[in-house]
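Student:
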């Protein structure tokens, strides 16, 4: 079983697209920094590099302090012993995949 901390405010997607929510510029910058730090940790804090492959607003969860946490590592890939890697298939959610990526 996988147990995760409850995220009181739900996903970033809900905060961005719900009528009752509004994120000011400073909240958006804080979320951006939290997400960048969360994605940077598996690259430099672990022995092997982990690539998320499916970053989107519904995979960014907000706790009661508006601290962003990255979830949704279902498509994540561990790069073992590679300096660079070319994927032969596209991973991610349509609409959030980088432009120019072949599907």
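Numbering (UniProt numbering), first residue to last: 1 to 103.
Virtual Cβ for every residue (Gly too), placed ideally from N, Cα, C.
Keep in mind it's a predicted model, so treat the numbers as computed, not measured.
Can you tell me which residues form a DSSP beta bridge with residue 69?
Tutor: Answer is 61, bridged to residue 69.
Student: Could you check which residue in 57, 6, 75 has the C-alpha nearest to that of residue 15?
Tutor: Checking every option, the nearest Cα to that of residue 15 belongs to 57.
Student: State buried or exposed for residue 62, treating a residue as buried only when at least 16 other CB atoms are found within 10 Å of its CB.
Tutor: With 16 or more Cβ atoms within 10 Å of its Cβ, residue 62 is classed as buried.
Student: Tell me whether residue 14 sits in a helix, a strand or coil according to DSSP, three-state version.
Tutor: Note: residue 14 maps to helix in three-state DSSP.
Student: Mind reading off the beta-carbon distance from residue 51 to residue 60? Whole number of angstroms is fine, and I expect it under 8 Å.
Tutor: Not confirmed; about 16 Å, so no contact.
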